[in-house]
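Asks:
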Amino acid sequence: MSYEIQSIKPHHDHQVCKIIKKVGSEFGAVGEGFGPSDPEVDAMSLHYKNEDASCYLVATIAEEIVGGSGIAAFNGSKEICELRKLFLLPESRGLGLGKKLTESCLDFAKSKGYKECYLDTLTSMESAISLYEKLGFIHLDKPLAGTIHSGCDVWMLKKL
Numbered sequence: 160m161s162y163e164i165q166s167i168k169p170h171h172d173h174q175v176c177k178i179i180k181k182v183g184s185e186f187g188a189v190g191e192g193f194g195p196s197d198p199e200v201d202a203m204s205l206h207y208k209n210e211d212a213s214c215y216l217v218a219t220i221a222e223e224i225v226g227g228s229g230i231a232a233f234n235g236s237k238e239i240c241e242l243r244k245l246f247l248l249p250e251s252r253g254l255g256l257g258k259k260l261t262e263s264c265l266d267f268a269k270s271k272g273y274k275e276c277y278l279d280t281l282t283s284m285e286s287a288i289s290l291y292e293k294l295g296f297i298h299l300d301k302p303l304a305g306t307i308h309s310g311c312d313v314w315m316l317k318k319l
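Residues 160 to 319 (this note's numbering) make up the sequence shown, in order.
1. Considering Cα atoms alone, identify which of 256, 304, 222 and 241 is closest to residue 247.
2. Whose CA, out of 302, 249 and 175, lies closest to the CA of residue 284?
3. Checking the sheet assignment: what are the DSSP bridge partners for residue 243?
4. If you follow the beta strand (DSSP E) that residue 266 is in, where does it begin and where does it stop?
5. Quick check: the Cα distance between residue 204 and residue 273, rounded to an integer number of angstroms?
6. Name the two residues that bound the continuous alpha helix (DSSP H) containing residue 291.
7. How many Å lie between residue 216 and residue 168 at the Cα?
8. Where does residue 238 land, buried or exposed, given buried means 16+ other C-beta within 10 angstroms?
9. For residue 166, tell me which candidate among 277, 206, 235 and 233 has the shortest Cα-Cα distance.
10. Could you tell me which residues DSSP puts in a beta bridge with residue 279?
11. Here's the rule: buried if 16 or more other CB atoms are within 10 angstroms of the residue's CB, otherwise exposed. What is residue 241?
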């Protein structure tokens, strides 16, 4: 099955919001302290812009959005970025999309001069954690200072 990766556009916002909330619910990421409840989820294209050294990528299969992932500065840092909101619909998992999205985000981060990439997630997201480990992320004992997702219980960092 072929897929395409592209930068988010305003007309993608509604579908991306639905996917983030649906997949978040599947893994128990509901309510305050979890990424799907961040205000930016309603209009991701407004919050992820190249000129801000951030991007959000969407994956499509047969021109239908099936997921996405983003990169943005962590707490305004110019050296540490954060991998944000990697969510894929169940039917699109196992195709290499998560890896492709993550690698594309990391390539973008390197091109913007970031030195490290941070992420937070949930132990219930086992496949994602396995992917992150394979891509060189290491586990941290605690979140980086300034982490806003208090509901997450896994924190990881990768040197770029």
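Where is the CB? At the ideal position from N, CA and C, for every residue including glycine. The structure displayed is predicted, hence computed values, not measured ones.
Replies: Looking at the atomic coordinates:
1. The count along the sequence shown starts at 1 and reaches residue 247 at position 88. When only C-alpha atoms are compared, the closest one is 256.
2. Working through the sequence shown from its first residue, we reach residue 284 at position 125. In terms of Cα proximity to residue 284, the closest of 302, 249 and 175 is 249.
3. Position 84 of the sequence shown, counted from the first residue, corresponds to residue 243. Residue 243 is bridged by DSSP to 229.
4. Here residue 266 is taken as the residue at index 107 of the sequence shown, counted from 1. Residue 266 -> not in any beta strand (DSSP E); alpha helix (DSSP H) instead, spanning 256-270.
5. Mapped onto the sequence shown, residue 204 falls at position 45. Mapped onto the sequence shown, residue 273 falls at position 114. Using only the alpha carbons, I get a separation of about 21 Å.
6. Taking the first residue of the sequence shown as 1, we reach residue 291 at position 132. Segment 285-293, the alpha helix (DSSP H) holding residue 291.
7. Residue numbering aside, residue 216 sits at position 57 when the sequence shown is read from its first letter. Residue numbering aside, residue 168 sits at position 9 when the sequence shown is read from its first letter. Distance between the alpha carbons of residue 216 and residue 168 is about 9 Å.
8. As a first step, residue 238 is located in the sequence shown; it is residue number 79 there, counting from the start. Under this definition residue 238 is an exposed residue.
9. Reading the sequence shown from its first residue, position 7 is the one you call residue 166. Taking only the C-alpha atoms, the option nearest residue 166 is 206.
10. Numbered from 1 along the sequence shown, position 120 holds the residue referred to as residue 279. DSSP output for residue 279 lists 314 as bridge partner(s).
11. Residue numbering aside, residue 241 sits at position 82 when the sequence shown is read from its first letter. Its Cβ being crowded by 16 or more others within 10 Å, residue 241 is buried.
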